[in-house]
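*Asks:*
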Amino acid sequence: MTLSHDRPCPEKKKESPMFFIENEGQAVAGTDYWQSVQAQAGYVYLSWNAGAARLLVPDAAKHLLREMRGAEYVIISKGTLHGRDALELVFEDGSDAPFVIHMLSEQCDRLLPENNQGGGFVVTVWTRGGNQLRYPGKYRVVENLPDVSPWSEH
Numbered sequence: 005m006t007l008s009h010d011r012p013c014p015e016k017k018k019e020s021p022m023f024f025i026e027n028e029g030q031a032v033a034g035t036d037y038w039q040s041v042q043a044q045a046g047y048v049y050l051s052w053n054a055g056a057a058r059l060l061v062p063d064a065a066k067h068l069l070r071e072m073r074g075a076e077y078v079i080i081s082k083g084t085l086h087g088r089d090a091l092e093l094v095f096e097d098g099s100d101a102p103f104v105i106h107m108l109s110e111q112c113d114r115l116l117p118e119n120n121q122g123g124g125f126v127v128t129v130w131t132r133g134g135n136q137l138r139y140p141g142k143y144r145v146v147e148n149l150p151d152v153s154p155w156s157e158h
């Protein structure tokens, strides 16, 4: 299954940050994301802190947790999707059809530079109820998305 958010997400206000995220190391200590227009529309959001990529999954998309379970690790690929900067998250479970999320760069608080390719970080999945899943993460830069190729091919 693939979830693709390749249309622009609704914005709260142009002049201010989209939402507030309070960090406690790798944990999300607090956020107003859950009440945002983006969350109400079902958009996921990726926030980086302290060696963790934290995927915020709103109430409207909690059903996706079923698809994410059982992965061995998550590959995050940065590339271009329909002419826009985007990310692809592949929940690699060893199957021929792993769960994939495509998201535009606006759904992320920052994009990692090309020299950060490799592993050494974790991907955590958060809902309003707290941390739900945790996987080793791998990061790569590709030209075009979707890519969905196994880690061994890069």
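Numbered per the numbering used here, the sequence shown spans residues 5 to 158. C-beta atoms are modelled at their ideal positions from N, C-alpha and C, and glycine is treated no differently.
If you run the structure through DSSP and keep just helix, strand and coil, what is residue 144?
*Replies:* Mapped onto the sequence shown, residue 144 falls at position 140. Here residue 144 sits in strand by DSSP.
*Asks:* From residue 144 to residue 28, what distance separates their C-alpha atoms?
*Replies:* The sequence position of residue 144 within the sequence shown is 140, counting from 1. The sequence position of residue 28 within the sequence shown is 24, counting from 1. In a straight line, the C-alpha of residue 144 is about 26 Å away from that of residue 28.
*Asks:* Between the Cα of residue 139 and the Cα atoms of 122, 93 and 76, which residue gives the shortest distance?
*Replies:* Translated into the one-based positions of the sequence shown, residue 139 becomes position 135. The candidate whose alpha carbon is nearest that of residue 139 is 76.
*Asks:* Helix, strand or coil, according to DSSP, for residue 72 in the structure here?
*Replies:* The residue you call residue 72 lines up with position 68 of the sequence shown. Three-state DSSP puts residue 72 in a helix.
*Asks:* Would you decide whether residue 114 is buried or exposed? Buried here means 16 or more other CB atoms lie within 10 Å of its CB.
*Replies:* By 1-based counting over the sequence shown, the position of residue 114 is 110. Classification of residue 114: exposed, given that the 10 Å Cβ count is below 16.
*Asks:* May I ask you to verify whether the stretch 60-78 touches the stretch 36-46, counting CB pairs closer than 8 Å and requiring at least 3?
*Replies:* yes
*Asks:* Where do the N-terminal and C-terminal ends of the beta strand (DSSP E) with residue 56 fall, by residue?
*Replies:* Within the sequence shown, the letter at position 52 stands for residue 56. Taken as a continuous stretch (DSSP letters only), the beta strand (DSSP E) holding residue 56 covers 56-60.
*Asks:* Does the beta-carbon distance from residue 141 to residue 57 come in below 8 Å?
*Replies:* The residue labelled residue 141 in the question sits at position 137 within the sequence shown. The residue labelled residue 57 in the question sits at position 53 within the sequence shown. Contact flag set, yes.
*Asks:* Under a Cβ-count criterion, where at least 16 other Cβ atoms within 10 Å of its own Cβ denotes burial, should residue 81 be classed as buried or exposed?
*Replies:* Along the sequence shown, one-based indexing puts residue 81 at 77. With a threshold of 16 other beta carbon atoms within 10 Å, residue 81 meets it and is buried.
*Asks:* I'd like to know if residue 77 contacts chain B, where contact means its C-beta is closer than 8 Å to some C-beta of that chain.
*Replies:* The structure shown contains no chain B, having only a single protein chain.
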